[in-house]
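For reference, the structure discussed in these notes is given below.
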Amino acid sequence: MKQILSLSIFLCLLAQSAFPQTSQPLSATNRKVKLEFSVDATGIPHYAVLFDGKAVVKSSRLGFKLNGGINLDSNFTIVNSTTKSVDETWKPVWGEVSEIRNQYNQLTVQLKQKSPNGLLLNTVFKVYEEGVGFRYEFPIQTNFQFFIVASEATEFNLAGDHTSFWIPGDFGSNEYLYTTSKLSEVNAWKFPIISGGTLQQNIPDQYAVQTPLMMKTSDGLYINIHEAALVNYPSMQLHVNRSSFQLSTNLVPDALGNKAYLRTPASTPWRTIIVSDKATELLASKMILNLNEPSVIKNTAWIKPMKYMGVWWEMQTGLSSWNYTDNIDQLSSSGAMIPNGRHGANTANVKRYIDFASANGIKGLLVEGWNKGWEEWTGAWKEENFDYVTPYPDFDVAAIAAYAKKKGVQMIMHNETGGSAVNYDRLLDTAFRFMNKFGYTSVKTGYVGNIMPKGEHHDGQWMINHYNRVAQKGAQYKVMIDMHEPVRPTGLSRTYPNFMASEAGRGNEWNAFSDGSPAEHETILPFTRLMGGPMDYTPGIFKLKNYAKGAPLRQMHTTLAKQLALYVTMYSPLQMAADLPENYAAHPDAFQFIKDVPVDWDDTKIIEAEPGDYISIARKEKGKANWFIGAITDEHSRISVIPLNFLPTGKKYLATIYADAVNADWKENPEAYIIRQFIVDNGSILNLNLASGGGAAVSLTTATAANLKSVKTYQ
Ligand code: NOJ
Ligand code: CA
Numbered sequence: 001m002k003q004i005l006s007l008s009i010f011l012c013l014l015a016q017s018a019f020p021q022t023s024q025p026l027s028a029t030n031r032k033v034k035l036e037f038s039v040d041a042t043g044i045p046h047y048a049v050l051f052d053g054k055a056v057v058k059s060s061r062l063g064f065k066l067n068g069g070i071n072l073d074s075n076f077t078i079v080n081s082t083t084k085s086v087d088e089t090w091k092p093v094w095g096e097v098s099e100i101r102n103q104y105n106q107l108t109v110q111l112k113q114k115s116p117n118g119l120l121l122n123t124v125f126k127v128y129e130e131g132v133g134f135r136y137e138f139p140i141q142t143n144f145q146f147f148i149v150a151s152e153a154t155e156f157n158l159a160g161d162h163t164s165f166w167i168p169g170d171f172g173s174n175e176y177l178y179t180t181s182k183l184s185e186v187n188a189w190k191f192p193i194i195s196g197g198t199l200q201q202n203i204p205d206q207y208a209v210q211t212p213l214m215m216k217t218s219d220g221l222y223i224n225i226h227e228a229a230l231v232n233y234p235s236m237q238l239h240v241n242r243s244s245f246q247l248s249t250n251l252v253p254d255a256l257g258n259k260a261y262l263r264t265p266a267s268t269p270w271r272t273i274i275v276s277d278k279a280t281e282l283l284a285s286k287m288i289l290n291l292n293e294p295s296v297i298k299n300t301a302w303i304k305p306m307k308y309m310g311v312w313w314e315m316q317t318g319l320s321s322w323n324y325t326d327n328i329d330q331l332s333s334s335g336a337m338i339p340n341g342r343h344g345a346n347t348a349n350v351k352r353y354i355d356f357a358s359a360n361g362i363k364g365l366l367v368e369g370w371n372k373g374w375e376e377w378t379g380a381w382k383e384e385n386f387d388y389v390t391p392y393p394d395f396d397v398a399a400i401a402a403y404a405k406k407k408g409v410q411m412i413m414h415n416e417t418g419g420s421a422v423n424y425d426r427l428l429d430t431a432f433r434f435m436n437k438f439g440y441t442s443v444k445t446g447y448v449g450n451i452m453p454k455g456e457h458h459d460g461q462w463m464i465n466h467y468n469r470v471a472q473k474g475a476q477y478k479v480m481i482d483m484h485e486p487v488r489p490t491g492l493s494r495t496y497p498n499f500m501a502s503e504a505g506r507g508n509e510w511n512a513f514s515d516g517s518p519a520e521h522e523t524i525l526p527f528t529r530l531m532g533g534p535m536d537y538t539p540g541i542f543k544l545k546n547y548a549k550g551a552p553l554r555q556m557h558t559t560l561a562k563q564l565a566l567y568v569t570m571y572s573p574l575q576m577a578a579d580l581p582e583n584y585a586a587h588p589d590a591f592q593f594i595k596d597v598p599v600d601w602d603d604t605k606i607i608e609a610e611p612g613d614y615i616s617i618a619r620k621e622k623g624k625a626n627w628f629i630g631a632i633t634d635e636h637s638r639i640s641v642i643p644l645n646f647l648p649t650g651k652k653y654l655a656t657i658y659a660d661a662v663n664a665d666w667k668e669n670p671e672a673y674i675i676r677q678f679i680v681d682n683g684s685i686l687n688l689n690l691a692s693g694g695g696a697a698v699s700l701t702t703a704t705a706a707n708l709k710s711v712k713t714y715q
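Residue numbers (our numbering): 1 to 715.
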């Protein structure tokens, strides 16, 4: 379906320009999106982005300051500029769609500084139908090899005081609730705190926010700023000027205060500006994936999306412990650790989960707290906290591996580093060899706490390289990766398809150990955190009140039906069924949806979406005719209207609708749901009743002759 597009890159002569000066800017366009580039009289490079003739990013500076007093942000002339158009289609190993079109018009501008240095810098712009990605390249050149970035000058001068959905510019955590405010009201030191849980706060700039930054203009444009292909460079945060609405780049520093250590030839990540007048199109964008390099893994047959359970929620809710003993200094007369009697990762308990997962067709099982070290795992600057190969005495790794294999369940390794990435780095091969030996095909890593090497940050260049090294090691040992507490994703799963998911945001787990996330949280995440890649959000909690030990009043701000809908609205190729087996056993009819819902898709239709309010998505199962729908709302009840026009014509489907009961409500009656079945076709329009904090999930399977006889048609 290759479309012929007129090559629309040209020296702009007629159209209006975002630049005040008279010199003609270079430009590139793609339908409604236009990019302009110019160098002003003092040699400062600028760019601007327009959508349908409206300024999205007004004339904004580009460039760098380097250590040693080198200003790479002015005094430039344009040496050359080239254009090209690309229109190709590629197939992701897994994803929301089975084919991705990568169609853009590119403008590359080669800049050279006037004397004395004559340094070279290229800016490369890729203009997509839904936005612009650009990056810097530092070409090979004489007398300029190794250099240190002191700051990046990239600005995003916005055209107004947009409504924005932001979390503070913390160097080490993304696990915040979102604030919705005008840009003029951004205050990174003031954010919603819900009691319980802890955050290591490190927010030096009072006006810095993280990306993806989601915004909505007063005239209905949706703008998202993020980055793609974060490799060998620190994460970008944005400093907000609250009166001019200028965003400027804050790079997360290293322990010495430097930003990035580079050697020519080098390039930065892509800065991304996605823009649309439809929120649904923004969610459907594949621009960030497209800006990443193709897979470096040749044989990807071993990479398989899956659902998994975990010996996990019981620790999160305080019912059992990660640690084996409560006093590491006290040993028995024979010199053994004294068990606390609450250790979750014991062989019998693990087998119980294996049995349940196996009986219900859930492929994976995560077990946390299986290895020695949890007594002093974080908070003490203990560098050698785990060795990744020594199980606690009550965890029989070989017997469990054999049992899981017999039962057709894949064990998921857990490697929590407690922030000691330096220790994990040293032991990576040891850890992955251990996984290979015992048949673990995936690993969940974790980085809770202060980073060691001391002084490094989760989002600085050293850690960025560490995360990428772990993904590469995983590829070498054929192990799939799920990271908790890493930097937020930037589409690198295209390059490393074994890098399945990460947390890098405030997951469902916060409902276990704090007073929880508000009902709107899951309607914001797809517009922010998930723009860069899948989130291991860990949905599927069925017991929604009084689940946490010692906190009888604790409850989730969601209904049970909404927990089901999250399997569709919160995309991940690794999707947890996070609750305890007994809580699923209490609702086998609702659990059926979790059993049925796939984790890999041929197609995705974003049906309706508004950040902070609601999202409804339909997806087609990979390689099958089945469709699944998830619809969620915030604290406001609503009717979600879903035309089934995506179904093939003339085919009858059996729709199983898992909806909030009429009297359901997240606060008073969260577990009230109703399951109904109807015959539908592509002319049907579903009206789904979503309670306050509620949702609905629908499976659509080919109707059998028996269905057609016994099931009513949807009216
Ligand atoms: C934080 C992770 O997000 C959570 O899933 C995990 O259980 C704990 N760290 C312990 O590793
Ligand atoms: Ca976490």
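Just so you know, even glycine gets a beta-carbon here, dropped at the ideal spot from N, CA and C.
Beta-carbon contacts of residue i that lie in its chain and below 6 Å, excluding the five residues immediately before and after
i, result
"K473", "L428 and F432"
"F19", "P25, S38 and S59"
"K382", "E376"
"I675", "D589 and Y658"
"S514", "I194, G196 and G197"
"A255", "G455 and E456"
"Y261", "I148"
"W94", "P305, P573 and D600"
"Y714", "F678, V680 and S684"
"N511", "M556"
Residue i Cβ short of 8 Å to ligand 2 heavy atom set
i, result
"V487", "no"
"E314", "no"
"E731", "In this structure the chain extends from 1 to 715, so residue 731 is not present and cannot be described."
"G446", "yes"
"V175", "First, the residue type needs correcting, since residue 175 is Glu and not Val in the sequence shown. Yes, the Cβ of E175 comes within 8 Å of a heavy atom of ligand 2."
"E503", "yes"
Residue i: CB within 8 Å of a non-hydrogen atom of ligand 1
i, result
"E509", "yes"
"K382", "no"
"L77", "Looking at the sequence itself, residue 77 is Thr, so the reference to Leu does not match. Outside the cutoff, so no."
"E368", "yes"
"T720", "Any property of residue 720 remains undetermined from this structure, which presents the chain solely from 1 to 715."
"E416", "yes"
"T390", "no"
"W601", "no"
"T198", "no"
"G317", "At residue 317 the sequence reads Thr, which differs from the Gly that was named. Every heavy atom of ligand 1 is 8 Å or more from the Cβ of T317, so no."
"W302", "no"
"W666", "no"
"T538", "yes"
"W322", "yes"
7 Å CB neighbourhood of residue i in its chain, flanking five on each side removed
i, result
"T325", "M337, I338, P339, N340 and E375"
"K478", "W302"
"N707", "L654 and I679"
"Q113", "N75, F76 and L119"
"N687", "I639 and V641"
"A266", "F138"
Assumed close pair residue i, residue j - CB separation to whole angstroms, cut-off 8 Å
i, j, result
"T702", "Y653", "6 Å"
"E635", "P526", "Contact flag wrong, Cβ pair sits at about 17 Å."
"Y440", "I412", "7 Å"
"T123", "F134", "6 Å"
"M480", "M463", "Their Cβ separation, rounded to whole angstroms, is 20 Å, which puts M480 and M463 out of contact at 8 Å."
Contact test: residue i Cβ vs ligand 3 heavy atom, cutoff 8 Å
i, result
"H484", "Ligand 3 is absent from the structure shown, which contains only ligand 1 and ligand 2."
Interface flag, residue i vs chain D, CB-CB below 9 Å
i, result
"K190", "Considering every chain present, this structure includes no chain D. It has just one protein chain."
Cβ-based neighbour list, residue i, same chain, cut-off 8 Å, excluding 5 preceding and 5 following
i, result
"R242", "L183, S184, E185, V186 and Y207"
Quiz item: Should the stretch 560-576 be called in touch with the stretch 629-636, which here means at least 3 C-beta pairs below 8 Å?
Solution: A contact exists between the stretch 560-576 and the stretch 629-636.
Exercise. Count the C-beta pairs between the stretch 414-427 and the stretch 435-453 that are closer than 8 Å, then say yes if the count reaches three, no if not.
Key: At 8 Å Cβ cutoff, the stretches touch.
Quiz item: Is there contact here, the stretch 577-595 with the stretch 72-83, by at least three beta-carbon pairs under 8 Å?
Solution: Between the stretch 577-595 and the stretch 72-83 there are fewer than three inter-stretch CB-CB distances shorter than 8 Å, so the stretches are not counted as touching.
Exercise. Pair every Cβ in the stretch 661-668 with every Cβ in the stretch 683-702, then say whether three or more of these pairs are closer than 8 Å.
Key: Taking 8 Å as the limit for Cβ pairs, the verdict is that the stretch 683-702 does touch the stretch 661-668.
Quiz item: Are three or more beta carbon pairs between the stretch 111-127 and the stretch 307-317 nearer than 8 Å?
Solution: Taking a cut-off of 8 Å for Cβ pairs, the stretch 111-127 and the stretch 307-317 do not touch, as fewer than three such pairs fall below it.
Self-check item: Any 3 or more C-beta pairs closer than 8 Å across the stretch 212-229 and the stretch 46-57
Solution: With three or more CB-CB distances shorter than 8 Å, the stretch 212-229 counts as touching the stretch 46-57.
Quiz prompt | the stretch 156-170 in contact with the stretch 131-144 per 3-pair CB rule at 8 Å | solution = Contact between the stretch 156-170 and the stretch 131-144 is absent: fewer than three C-beta pairs spanning the two stretches fall below 8 Å.
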